[in-house]
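Student: Protein chains in written order, with our numbering: chain A, 7 to 121; chain B, 2 to 116.
1) Hey, does residue 69 of chain A have any beta-carbon neighbour from chain B nearer than 8 Å?
2) Drop a sphere of 10 angstroms on the beta-carbon of residue 114 of chain B, count the other beta-carbons inside from all chains shown, and report buried for 16 or more, exposed for fewer.
3) What residues match up with residue 84 of chain B in a beta bridge as DSSP calls it?
4) What do you get for residue 10 of chain B, buried or exposed, if any count of 16 or more other CB atoms within 10 angstroms of its CB means buried?
5) Would the segment 23-39 of chain B and the segment 60-69 of chain B be scored as touching if the rule is three or more Cβ pairs under 8 Å?
6) Residue 68 of chain B touches chain A at which residues, Cβ-Cβ below 9 Å?
7) What whole-angstrom Cβ distance do residue 59 of chain A and residue 51 of chain A have, given they're in contact under 8 Å?
8) Count the other CB atoms within 10 Å of the CB of residue 116 of chain A; is the residue buried (16 or more) or exposed (fewer)?
9) So, is residue 71 of chain B buried or exposed, given that buried needs 16 or more other C-beta atoms within 10 angstroms?
10) Going by Cα to Cα distance, which pick from B/14, B/58, B/48, B/104 is closest to residue 90 of chain B?
11) Just how far apart, CA to CA, sit residue 86 of chain A and residue 121 of chain A?
12) Rounded to whole angstroms, what's the CA-CA distance from residue 62 of chain A to residue 14 of chain A? Just pull it up for me.
13) Starting from the beta carbon of residue 62 of chain B, find every residue of chain A whose beta carbon is closer than 7 Å, and list them in chain order.
14) Tell me the rounded alpha-carbon separation between residue 112 of chain A and residue 39 of chain A.
15) What are the uninterrupted segments assigned as beta strand (DSSP E) that are 3 or more residues long and contained completely in the segment 20-103 of chain A, given in chain order?
16) Could you spell out the range, first to last residue, of the beta strand (DSSP E) harbouring residue 109 of chain A?
17) Between residue 114 of chain A and chain B, is any beta-carbon pair separated by less than 8 Å?
18) Among the residues of its own chain, which have a CB less than 7 Å from the CB of residue 103 of chain B, if the five just before and after it don't count?
19) Please list the partners that residue 108 of chain B has in chain A, where partner means a Cβ-to-Cβ separation under 8 Å.
20) Since residue 3 of chain B contacts residue 94 of chain B with CB under 8 Å, what's their CB separation in whole angstroms?
Structure representation (structure tokens):
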């Protein structure tokens, strides 16, 4: 199993450009999520999904869109990039296990710089 | 709202010395708690987790953590640190409420190991 994969690894954007960060998992996990990591702030949840066709907002959703058309893929779209979106982005997935917390598996991250 | 506090931003220990990283959480019900480790430029790897039962949990790489409900703490320990343990460590709480799970991270503790 490849686990959770993310592309690209690095990306530089100009202010106002749009792009999509790709995330895929091959573990048949129902739950997928996107986080951003900024120095001194830990990881903050952007959006999450509990299954195909179902998404919801996390702590910092503004400026980002998501969709979930398949179990495997959960892309994150930046509609109009801003310097404040310079960050490292992590995708994660886990099973939905009633009665247990979710052990999330993380991808290697995408380092995004917006100039 | 749930929250996690890691009061130590940076800790330095000598190789072979013992280690304790502090984590305090705020959550209204029984929490699901995790410790993750992140090496430079890498994604997050799960060290250990607490769901219920025995309050002392064992993880990978010789780490353990103890859940203390009365102190709202979940401190990470290791009896003898190795140079390869140098990394950033994140405590997280899962506010599990059926499908609306949101993993909240602390801001992290960076561990430096001196030889």
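Note that CB positions come from ideal geometry on N, CA and C, so glycine has one too.
Tutor: Judging by the given coordinates:
1) Counting from 1 along the first chain, the entry for residue 69 of chain A is found at position 63. Answer no: the Cβ-Cβ gap between residue 69 of chain A and chain B never drops below 8 Å.
2) As a working mapping, residue 114 of chain B is identified with position 113 in the second chain. Result: buried.
3) Mapped onto the second chain, residue 84 of chain B falls at position 83. Under DSSP, residue 84 of chain B forms no beta bridge with any residue.
4) Taking the first residue of the second chain as position 1, residue 10 of chain B is located at position 9. Residue 10 of chain B should be labelled exposed.
5) Here the segment 23-39 of chain B lies against the segment 60-69 of chain B, with 3 or more beta-carbon pairs under 8 Å apart.
6) In the second chain, residue 68 of chain B corresponds to position 67, counting from 1. Ordered by position in chain A, no residue passes the 9 Å Cβ test against residue 68 of chain B, which lies about 12 Å from the chain.
7) For the purposes of this step, residue 59 of chain A is taken as residue 53 along the first chain, with counting starting at 1. For the purposes of this step, residue 51 of chain A is taken as residue 45 along the first chain, with counting starting at 1. Rounded, the Cβ-Cβ distance is 20 Å, inconsistent with contact.
8) For the purposes of this step, residue 116 of chain A is taken as the residue at position 110 of the first chain. With 16 or more other Cβ atoms inside 10 Å of its own Cβ, residue 116 of chain A counts as buried.
9) Working through the second chain from its first residue, we reach residue 71 of chain B at position 70. Exposed is the label assigned to residue 71 of chain B, since fewer than 16 other Cβ atoms lie within 10 Å of its Cβ.
10) What you label residue 90 of chain B is simply residue 89 of the second chain in a count that begins at 1. Answer by Cα proximity: B/48.
11) The count along the first chain starts at 1 and reaches residue 86 of chain A at position 80. The count along the first chain starts at 1 and reaches residue 121 of chain A at position 115. Cα atoms of residue 86 of chain A and residue 121 of chain A: separation of roughly 12 Å, rounded to the nearest angstrom.
12) Here residue 62 of chain A is taken as the residue at index 56 of the first chain, counted from 1. Here residue 14 of chain A is taken as the residue at index 8 of the first chain, counted from 1. Their Cα atoms are separated by approximately 24 Å.
13) Here residue 62 of chain B corresponds to residue number 61 of the second chain, with the count starting at 1. Within chain A, no C-beta atom comes nearer than 7 Å to that of residue 62 of chain B; the closest sits roughly 16 Å away.
14) Locating residue 112 of chain A in the first chain gives position 106, where the first residue counts as 1. Locating residue 39 of chain A in the first chain gives position 33, where the first residue counts as 1. Residue 112 of chain A and residue 39 of chain A: Cα-Cα distance of roughly 9 Å.
15) Within the segment 20-103 of chain A, the complete beta strand (DSSP E) segments of 3 residues or longer fall at 25-31, 37-43, 49-57, 60-63, 70-72, 82-84, 93-100, listed in chain order.
16) Counting from one through the first chain, the residue named residue 109 of chain A turns up at place 103. Element bounds for residue 109 of chain A: n/a, residue is neither H nor E.
17) Start at 1 with the first residue of the first chain, and residue 114 of chain A comes out as number 108. It does; some Cβ of chain B falls within 8 Å.
18) The count along the second chain starts at 1 and reaches residue 103 of chain B at position 102. Cβ contact annotation for residue 103 of chain B (same chain, cutoff 7 Å, sequence separation greater than five): 96, in chain order.
19) Here the question's residue 108 of chain B lines up with position 107 in the second chain. Those are 46, 47, 48, listed as they occur along chain A.
20) Along the second chain, read from residue 1 onward, the residue named residue 3 of chain B stands at position 2. Along the second chain, read from residue 1 onward, the residue named residue 94 of chain B stands at position 93. Going by Cβ atoms, the distance from residue 3 of chain B to residue 94 of chain B rounds to 5 Å, so yes, they are a contact pair.
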